[in-house]
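Encoded as structure tokens, the structure appears first; notes follow it.
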Amino acid sequence: MHKKMLLALLSVTMLIAGCGSDDTSEGGTGATAGGGSSTPSTFAAGTTMDALQKKGKIIIGTKFDQPLFGLKGLSGQPEGFDVEIAKLVATAIFGSNLSGKTEFVETPSAVREQSIIDGKVDLVAATYTINDTRKQKVAFAGPYYIAGQSILVKKDNTAITDLSSLSGKKVCTVLGSTPLKTLQERAPTADLSILFDTYSKCVEALKDGRVEAVSTDNVILLGFLKDSPGQFKLVGETFTQEPYGIGVKKDDTAFRNFVNDVLDKAYRDGTWAKIFEKEVGKPTEIPTPTPPPVNRY
Ligand code: GLU
8 MHKKMLLALL SVTMLIAGCG SDDTSEGGTG ATAGGGSSTP STFAAGTTMD ALQKKGKIII
68 GTKFDQPLFG LKGLSGQPEG FDVEIAKLVA TAIFGSNLSG KTEFVETPSA VREQSIIDGK
128 VDLVAATYTI NDTRKQKVAF AGPYYIAGQS ILVKKDNTAI TDLSSLSGKK VCTVLGSTPL
188 KTLQERAPTA DLSILFDTYS KCVEALKDGR VEAVSTDNVI LLGFLKDSPG QFKLVGETFT
248 QEPYGIGVKK DDTAFRNFVN DVLDKAYRDG TWAKIFEKEV GKPTEIPTPT PPPVNRY
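Sequence positions in the sequence shown follow our numbering and run 8 to 304.
Okay, here's the thing in structure tokens:
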């Protein structure tokens, strides 16, 4: 069946992982890529990296209710792919002992740009699609993953099969998200009267029948699907590309370059693949893809 494809993907992954094996990852290459180092790098005075290191703490905006990406569970600490990606940046600044050096702040979709502008957070890693509208307000490192919009329905739903079958149907998504914009443009007759600030509220509404579908990025929906076995299914093909970036202040090019360096290094030394596999790949059975090249615009 798809065995050949899986094997091919697996060998690509192994190649990527192998590439980094001769890399002298401990200690990194100095000020721009100290990820994984136990001794913190030193940074030029006046840079965000230097300021954060001196302050001894980085404030990270992420989601608290999204399985696989940013979920605050019983541990009280958010967990997931976005959290681990943000920790790579923190490690590159502080060294490998992050104890007390990271603070996570819940940052729902609609407040991400403003949280960065106001300095409430130092960066946002929150299933955050890079696009030109957002780039007018903030800057993005990455992408570090490319998702695509999809549709979640109850398992026994046969009426909704794809984007074109949403007409007149109550579809839930989140305010300030790219999926909302896409639905407004490409499913203009869908009933979008029930919207929330977070996706977990949409999933609750789907469970109790207030809406018939939830639409957002496939990997977000897969996280909820996995958490409620036997209840839901994804329908249709993905119909957008959602490149996930790390949001930083618009004019902070040095910090953006630094985060891109951290991602690049994680791609080369296999760290990114390990994180993806653990946080997303294993639970969803998505084969680990080749990481998307960072875009240093
Ligand atoms: N990636 C999309 C966005 O940034 C949807 C997910 C989200 O709202 O976090 O808007």
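Using N, Cα and C, we set each Cβ at its ideal position, and we do this for glycine too.
As the structure is a computational prediction, the values presented were derived from the model and not from experiment.
To the nearest angstrom, report how far apart residue i and residue j are at their CA atoms.
{"i": "S174", "j": "A133", "result": "29 Å"}
{"i": "L213", "j": "A58", "result": "45 Å"}
{"i": "I293", "j": "A261", "result": "34 Å"}
{"i": "Q121", "j": "F76", "result": "21 Å"}
{"i": "T278", "j": "C179", "result": "35 Å"}
{"i": "G288", "j": "I282", "result": "9 Å"}
{"i": "G25", "j": "F203", "result": "Because the pLDDT at G25 is just 34, under 50, the model does not fix this residue reliably, and the value given afterwards should be weighed accordingly. The straight-line gap from Cα to Cα measures roughly 43 Å."}
{"i": "V112", "j": "M56", "result": "19 Å"}
{"i": "V145", "j": "T54", "result": "17 Å"}
{"i": "L187", "j": "A194", "result": "10 Å"}
{"i": "R263", "j": "I124", "result": "15 Å"}
{"i": "T101", "j": "K256", "result": "The question names Thr, but residue 101 in the sequence shown is Phe. Taking the straight line joining both Cα atoms gives about 20 Å."}
{"i": "N138", "j": "G149", "result": "12 Å"}
{"i": "A52", "j": "T196", "result": "54 Å"}
{"i": "E286", "j": "G87", "result": "6 Å"}
{"i": "R217", "j": "E211", "result": "9 Å"}
{"i": "G80", "j": "T136", "result": "24 Å"}
{"i": "A93", "j": "S235", "result": "27 Å"}
{"i": "P74", "j": "G183", "result": "20 Å"}
{"i": "L241", "j": "T46", "result": "45 Å"}
{"i": "T297", "j": "Q143", "result": "29 Å"}
{"i": "D89", "j": "T49", "result": "25 Å"}
{"i": "V128", "j": "F71", "result": "15 Å"}
{"i": "P299", "j": "P290", "result": "21 Å"}
{"i": "T189", "j": "P85", "result": "28 Å"}
{"i": "T185", "j": "L232", "result": "21 Å"}
{"i": "T114", "j": "D276", "result": "30 Å"}
{"i": "S82", "j": "Q238", "result": "26 Å"}
{"i": "I201", "j": "I167", "result": "17 Å"}
Quick check on this structure: which residue in the options has the alpha carbon closest to the alpha carbon of residue i?
{"i": "G254", "options": "V181, F265, E86", "result": "F265"}
{"i": "G155", "options": "K64, D224, T55, L95", "result": "D224"}
{"i": "V221", "options": "T54, D169, Q248", "result": "D169"}
{"i": "E91", "options": "T297, I201, E284, Y304", "result": "E284"}
{"i": "F147", "options": "V131, K161, K162", "result": "V131"}
{"i": "Y274", "options": "S82, P74, R217, L95", "result": "L95"}
{"i": "S116", "options": "I227, V242, K240", "result": "I227"}
{"i": "Q60", "options": "P74, T98, I167, Q143", "result": "T98"}
{"i": "L199", "options": "L232, K177, S184, T185", "result": "K177"}
{"i": "G230", "options": "S172, V181, E219, L78", "result": "L78"}
{"i": "V160", "options": "T291, N302, G243", "result": "G243"}
{"i": "E219", "options": "S172, R119, K272", "result": "S172"}
{"i": "L141", "options": "I167, D276, K70, V118", "result": "For clarity, residue 141 is Arg in the given sequence; the question names Leu instead. Looking at the Cα atoms, V118 is the closest of the given residues."}
{"i": "V181", "options": "P290, G126, T205, D276", "result": "T205"}
{"i": "K272", "options": "S82, G83, Q84, Y151", "result": "Y151"}
Take the Cβ of residue i as the centre, count every other Cβ of all protein chains shown within 10 Å, and call the residue buried at 16 or more, exposed below.
{"i": "E192", "result": "exposed"}
{"i": "A280", "result": "buried"}
{"i": "D29", "result": "Bear in mind that the predicted position of D29 carries a pLDDT of just 30, short of 50, making it unreliable; the figure below should be weighed with that in mind. Its Cβ having fewer than 16 others within 10 Å, D29 is exposed."}
{"i": "D258", "result": "exposed"}
{"i": "Y304", "result": "exposed"}
{"i": "S207", "result": "buried"}
{"i": "P252", "result": "Looking at the sequence itself, residue 252 is Gly, so the reference to Pro does not match. By the 10 Å Cβ count, G252 comes out buried."}
{"i": "N104", "result": "exposed"}
{"i": "D215", "result": "exposed"}
{"i": "K62", "result": "exposed"}
{"i": "T295", "result": "buried"}
{"i": "N267", "result": "buried"}
{"i": "L270", "result": "buried"}
{"i": "D163", "result": "exposed"}
{"i": "T165", "result": "exposed"}
Are any of the Cβ atoms in chain B nearer than 7 Å to that of residue i?
{"i": "D259", "result": "Protein chain content of the structure displayed is limited to a single chain, and chain B is not contained in it."}
Within the segment 46-96, note down every full alpha helix (DSSP H) run reaching 4 residues or more, in order along the chain.
55-62
Could you tell me whether the segment 146-164 touches the segment 239-253, using the rule of 3 or more Cβ pairs below 8 Å?
Result yes; three or more Cβ-Cβ pairs closer than 8 Å.
Per the contact definition of three or more C-beta pairs closer than 8 Å, is the segment 104-119 in contact with the segment 60-70?
Output reads yes: the segment 104-119 touches the segment 60-70.
Just to confirm the assignment: which complete beta strand (DSSP E) runs, minimum length 3, are found wholly within the segment 193-266?
Counting only runs that start and end inside the segment 193-266, the beta strand (DSSP E) elements of at least 3 residues fall at 220-224, 239-242, 249-256.
Note down, one range per segment and in chain order, each alpha helix (DSSP H) of at least 4 residues found wholly within the segment 133-200.
139-142, 185-193
My parser needs the alpha helix (DSSP H) runs of 4 or more residues fully inside the segment 96-123; what are they?
none
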